[in-house]
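One structure is given here, and the rest of the page talks about it.
Numbering (mature numbering (1 follows the signal peptide of the UniProt record, and there is no 0)), first residue to last: -24 to -1, 1 to 285.
So, in structure tokens, the structure goes:
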């Protein structure tokens, strides 16, 4: 009798081991391996992998078909938040929305979060059942002198209240951007940083980091990886929320000590301490007033200067 029970227990354990093996094998197969879609050797003319082994996305390095196959199975929703106040609304919001509705994550569910200081009429766009638009009118905080602090505070509130439940990935972008080509799923990751077009080709010691040791944004000479642009930031919602919270802490710390720095310098300090898991090359946000170098094959987004920032 005892021998029979031991045999049944042994068979049960073997069955559970087999099921666990199948489960973890399937789980492993479902994960998107970097080698399955990213080939850095295709672009030997540029930096394609960081020292912490994060991919730098350039045209030619990624397999869009493999990425599409993976993400379509997951039925993802991607959020895109844009802030437009004052003259930014009149000058830039319409071209941003028109081009984003065409080129941002085509074929996937997208929620546009439009943060404005007054009600605006959405521009004429082709109807896309996968896209929805949420307009949020800013409150009295719109009178703040620090627009970046206002932007981060309001974004953090919206992420906590509803965005984190609505999307799988979230990007925040400046309003003065005009999409030129597809900005697709190759950009998705846990934490996404945009390489600054002005500073990508410069030496590390020449990058405009905050150099005052007493500032929360301080990065010493000789340290630092890249200079990141504040025009595009992305990732999963909780990572974007963490960035906004750390930014606000830095601003408050400096204010209490009589200091002030720029949004991009705080952003660069954040990514210096919290390495992004994916970097977007300057192709994804290029200043069209610059001569286009041979390394930039396709400009994904054109960034235009603003007089109001």
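We put the beta carbon where it would ideally sit given N, CA and C, even for glycine.
Can you have a look at residue i and say buried or exposed, based on whether 16 or more other CB atoms are within 10 angstroms of its CB?
i, result
"residue 277", "buried"
"residue 190", "exposed"
"residue 94", "exposed"
"residue 247", "buried"
"residue 55", "buried"
"residue 281", "exposed"
"residue 195", "buried"
"residue 58", "buried"
"residue 349", "Since the first residue of the chain shown is -24 and the last is 285, residue 349 is not available in this structure."
"residue -3", "Residue placement at residue -3 is flagged as unreliable, the pLDDT there being 43, under the threshold of 50; a coordinate-derived value is accordingly withheld."
"residue 238", "exposed"
"residue 20", "exposed"
"residue 198", "exposed"
"residue 182", "exposed"
"residue 269", "exposed"
"residue 226", "buried"
Got a sec, what are the start and stop residues for the alpha helix (DSSP H) residue i sits in?
i, result
"residue 73", "70 to 79"
"residue 254", "Careful: residue 254 lies outside any alpha helix (DSSP H), inside the beta strand (DSSP E) at 254 to 256."
"residue 126", "123 to 134"
"residue 245", "239 to 249"
"residue 46", "40 to 50"
Where does the unbroken beta strand (DSSP E) through residue i begin, and where does it stop?
i, result
"residue 86", "85 to 92"
"residue 195", "Looking at the DSSP string, residue 195 is not in any beta strand (DSSP E), and its letter there is neither H nor E."
"residue 204", "204 to 211"
What residues match up with residue i in a beta bridge as DSSP calls it?
i, result
"residue 112", "91"
"residue 58", "90 and 149"
"residue 217", "Answer is none; residue 217 lacks a bridge partner."
"residue 175", "Looking at the DSSP assignment, residue 175 forms no beta bridge with any residue, so it has no partner."
"residue 262", "278"
"residue 82", "According to DSSP, residue 82 bridges with nothing at all."
"residue 167", "211"
"residue 25", "31"
"residue 53", "85"
Would you grab the beta carbon distance between residue i and residue j for me? Rounded to a whole angstrom, and I think it's under 8 angstroms.
i, j, result
"residue 243", "residue 211", "Actually they do not touch by this definition, with Cβ atoms about 13 angstroms apart."
"residue 121", "residue 96", "At roughly 23 angstroms, the Cβ-Cβ gap does not stay under 8 angstroms, so residue 121 and residue 96 are not in contact."
"residue 159", "residue 81", "7 angstroms"
"residue 42", "residue 12", "6 angstroms"
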